[in-house]
Amino acid sequence: MRRFRWSAWTLLILLFSGFVLPLFLAGDPREPVASPFARPAWVGRNQAPALAFSVPPGEGKAFAWSWDAPRGLSVSGEVEFAGVPGSARLTWEKPSGEILVLADLSGQETATLDLDARDMAFRAALGLSPFDESLEGLFGGRGTIRVRIDSDVPVEKSSLSVRIPGDRWGLFGTDQRGRDVFRLFLAGIRVSLLVGVMAVLVSTVIGLSAGLLGGYVGGVVDALLMRAVDVLLSIPLLPILMVLAALWGKGLWQLVLILGLFSWMGTARTVRSMTLSFREAPYVEALRAIGAPTFYILARHGVPTVLPLLLANIALGVPGVILSEAALAYLGLSDPRVISWGRMLHEAQSFGAFTTGAWWLLLPPGLGIALLCFVFMDLGRALEEWADPRLKGGGGA
Amino acid sequence: MISMRGYWARRLGGAVCVVAIVLVANFFLFRLMPGDPVSTVLDPRFSPQAKAELEVLYGLDRPLAVQFLIYLERTATFDFGLSFATQRPVLDEILSRLPNTLALLVPAYLLSVLLGTVLGVLAARRRGRAAEKAVLSAGAISFSFPSFFVQMVLLLLFAYVYPVFPLRGSLSIPPPQGTWPLLVDRVWHLALPVGSLVLLGFGGWALTVRNLVVKVMGEDFMVLARAKGIGERRLFWGHAFRAVLPPLVTLFLLSLPGVVSGAVLTETVFSLHGVGRFLLDSVLGQDYPAAGGAFYLLTLITVASNLVADFLVQFTDPRIRTGERSSS
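Going down the list, the sequences are from chains A and B. Position 166 (the first sequence) corresponds to 166 in our numbering; numbering is contiguous. Position 218 (the second sequence) corresponds to 1218 in our numbering; numbering is contiguous.
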């Protein structure tokens, strides 16, 4: 490996963004940050941005609006008047000049407001359609919008604030609960890497032991082990994983164990065939002749012999496990509290990514899985070449 | 002749072995689950009397060995009991879904093998051309992209952005009248699932075919055949392809379990009414008789098709018929 592979760089970047980057980002990725199904900011140029401002006494707040009407709006806070107002209203001036009354505050010295555009009564009072998602009736075009408290008594204090959650957000938009898809994507790196690598380590330990034992001891042990490999290879993998995940629990460690238990067959075969020729090597015969115990021969000489190819096998085994984990999570057989790429795809399918056309819920996790698989396949190939330099630049594949 | 019998004894023994292990695993797995089966069907507020009655109904009051024998007898007659969810026999539920699964898998698998073989041969014969590059990249995609993700993207593209195909289901609701409209409706619903499976499946297949053919073309016997002056066409189909067939059939065999796994995912993505989705729904809904039955039947189908494929290998590999051991 004279040349540093692209895959190694990519893996470093992925490790950084999965484990280090989230430490510097504020907030919990599970918290909503914008409207549900907000588009990525770089495609939704006409979508409403997130906006939050307070409404001061007097002139109120005016702001320029040059986007499509948003889908959400909330007003909350308290207003204190100098006395009991005979007439007090919170008004909303549309770009067209038309004035709407958001709330009537008459007759209260202090009024507490908690309005949300999802509230049917609020919508009805404003004459908005209860079915239409966007607040076209409040915005209706581009221009200046003014929100102010209009009363016959001066306003003493106002903590009113208006929030528009925004219909575009960040790099990858938001999901059905308004969570930042980019943050979820970063969290997913961790699960895929951890589960993939840990499960492959489990399967490598099993496969290495089975392969060494079967290849070196031979006889009945070998026959039984290889029979077990054949049996496991002829049972459909996903159904048995599904059944086990459902019965044993959906936790990460159970998943690692289940995946490891059902993916050691290839390693066992490779190690076994290498051990068969290792057993016949003259130096091994010499070891036997001077009475070295089998365990010593295997641990001290067998493992180092198979190690280089084993490393390649580990790297090449990760994609399969990552894909299996993603498939299980996609089918809904993963811990719902753990964010993973498979889980993101599951939620995209279950919560209407297809009926809203929310492609930004599909592409990041799916391409992330594929990228991780490509990285490990390339690493595996590099390790293979390192272990067996004849493969380098070979004519075939 | 004797070794022929030995070959079949080994194959049949292997198949019986798999079925036996699945049977035992099925029995114990579904009894090891958290809580006993009765407590999962029953409300905890049920009277102890009702609980005891149910235990008798499911045979849980007898010793484990007797339970196992009863279980074996029932499984042999495909009696998997009643589904907790629908209270209908599990076998009926599965059989009503089986045609849908077969209509999905059989055409998809045959088409991808056919397409893969043709493209693989093309890629091997015209190395460095567009066909080879296409095969190489299609193979890489099929190995590293999650199949269900590719299918979801296709679904989004061709059912939402360009609504050419239906978003879900195996048939329109209500189904059209008449044989022909019904058939057309079925094909229309299956086009995307089958098409996506072919798209995902042919790459890996083509890559293997290409690698095998490329390897065989460099063997000594090919050099000899060429030196004898055999025509290029006969050289390829008569010698090279002939030598590639046995490993291909073996690969076909080995990929069958993966096809069944693919059915679960495909039926979930496209909301098809099939056995794979039935297994998923029963697993998620803790419908243990249904999950056990579906899992057992899926394995049985895999093992049976393995045997059929084994039977086919002997036509491609004369060494099996004459009883010689293969050298590799």
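Where is the CB? At the ideal position from N, CA and C, for every residue including glycine.
- Residue 1081(B) has a beta carbon lying at 8 Å or more from every beta carbon in chain A.
- Note that the stretch 1076-1095 of chain B touches the stretch 1282-1298 of chain B; at least 3 beta-carbon pairs, one per stretch, sit closer than 8 Å.
- Shown here for residue 204(A): same chain residues with a beta carbon closer than 8 Å to its own, the five before and five after excluded, namely 264, 267, 310, 313, 314, 317 in chain order.
- Sorting 21(A), 299(A), 321(A) by C-alpha distance to the C-alpha of residue 201(A) places 321(A) at the top.
- Beta-bridge annotation (DSSP): residue 1230(B) is not paired with any residue.
- Any Cβ of chain A closer than 8 Å to the Cβ of residue 1100(B) would place that residue at the interface, and such an atom is absent.
- Taking 8 Å as the CB threshold, residue 349(A) lines the interface with chain B.
- A contact is defined here as three or more CB-CB pairs under 8 Å, and the stretch 30-50 of chain A meets this definition with respect to the stretch 159-169 of chain A.
- Look at residue 1196(B) here: in three-state DSSP terms it is helix.
- For residue 1196(B), the closest C-alpha among the options 1223(B), 1220(B), 1165(B) is that of 1165(B).
- Using a CB distance cut-off of 8 Å, residue 182(A) does not count as an interface residue toward chain B.
- For residue 314(A), the nearest beta carbon of chain B is not closer than 8 Å to its own beta carbon.
- An exposed status is given to residue 99(A), since fewer than 16 other beta-carbon atoms sit within 10 Å of its beta-carbon.
- Using a Cβ-Cβ distance cut-off of 8 Å, the stretch 266-286 of chain A and the stretch 343-363 of chain A are not in contact, since fewer than three pairs of beta carbons, one from each stretch, lie closer than that value.
- Closest by C-alpha distance to residue 64(A), out of 5(A), 146(A), 10(A), 92(A), is 146(A).
- Taken through DSSP and simplified to helix, strand or coil, residue 154(A) comes out as coil.
- Around the CB of residue 179(A), 16 or more other CB atoms lie within 10 Å, so the residue is classed as buried.
- For residue 1132(B), the enclosing alpha helix (DSSP H) has its first and last residue at 1130-1144.
- A residue is called buried once 16 or more other Cβ atoms fall within 10 Å of its Cβ, and residue 1152(B) is buried on that count.
- Among the CB atoms of chain B, none fall inside 8 Å of the CB of residue 145(A).
- Bounds of the beta strand (DSSP E) holding residue 114(A) are 110-116.
- Residue range 1288-1316 is occupied by the alpha helix (DSSP H) that includes residue 1310(B).
- Excluding residues up to 5 positions away in sequence, 262, 265 lie with their Cβ nearer than 7 Å to the Cβ of residue 232(A) in the same chain.
- Judged by DSSP in its simplified three-state form, residue 96(A) adopts coil rather than helix or strand.
- Shown here, residue 42(A) sits in coil according to DSSP, grouped into three states, outside any helix or strand.
- Residue environment: residue 1132(B) is assigned as buried (16 or more neighbouring CB atoms within 10 Å of its CB, all protein chains considered).
- Per DSSP, residue 26(A) is not a residue of any beta strand (DSSP E), being assigned neither H nor E.
- If you compare the alpha carbons of 372(A), 129(A), 150(A), 206(A) with that of residue 81(A), the shortest gap goes to 150(A).
- By the Cβ-count criterion, residue 349(A) is buried, with 16 or more other Cβ atoms from all chains shown falling within 10 Å of its own Cβ.
- When secondary structure is reduced to three states using DSSP, residue 1099(B) falls in the helix class.
- For residue 1014(B), the residues of chain A that pass the 9 Å Cβ criterion are 227, 230, 231, 234, in the order they occur in the chain.
- Residue 1164(B) does not reach chain A, its nearest Cβ partner there being about 14 Å away, counting only Cβ pairs nearer than 9 Å.
- Around the beta carbon of residue 1005(B), fewer than 16 other beta carbons sit within 10 angstroms, so the residue counts as exposed.
- Look at residue 243(A): its C-beta is under 8 Å from a C-beta on chain B.
- If you ignore the 5 residues before and after residue 92(A), its C-beta comes within less than 6 Å of the C-beta of 100, 102, 147, all in its own chain and listed in chain order.
- In this model, residue 1200(B) and residue 1235(B) are separated by some 31 Å (Cα to Cα).
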